[in-house]
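In full-length UniProt numbering, the protein residues as written are 1 to 109.
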């Protein structure tokens, strides 16, 4: 009789283990579906991340181009300012000489 009780106890444990295994097996398709969805989402996010990385790279290249263009404009402005200053100095010198020449003509007249 002890053997039968022991056997019944083992059968109950085996039955409980079988029920637990069956419950896990029943959840597998759902878990597999969720895993598949997660993988699809991950692939989409990786693709979006690559697109964003490319956009950042293009933005950095555009910024570098604009910085070079700005520097070229500054150089051109500096050259123009220097040229204007030289023209102003030449004009002032020309006016000074014209005034001197006018004074000399007035003295000779």
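No residue lacks a Cβ here, since even glycine has one placed at the ideal position from N, Cα and C.
Here the alpha carbon of residue 66 sits roughly 40 Å from the alpha carbon of residue 39. Here the alpha carbons of residue 86 and residue 100 stand approximately 21 Å from one another. Assigned with DSSP and collapsed to three states, residue 1 falls in coil, not helix or strand.
Here the alpha carbon of residue 47 sits roughly 52 Å from the alpha carbon of residue 12. Spanning the alpha carbons of residue 80 and residue 73 requires a straight line of approximately 10 Å.
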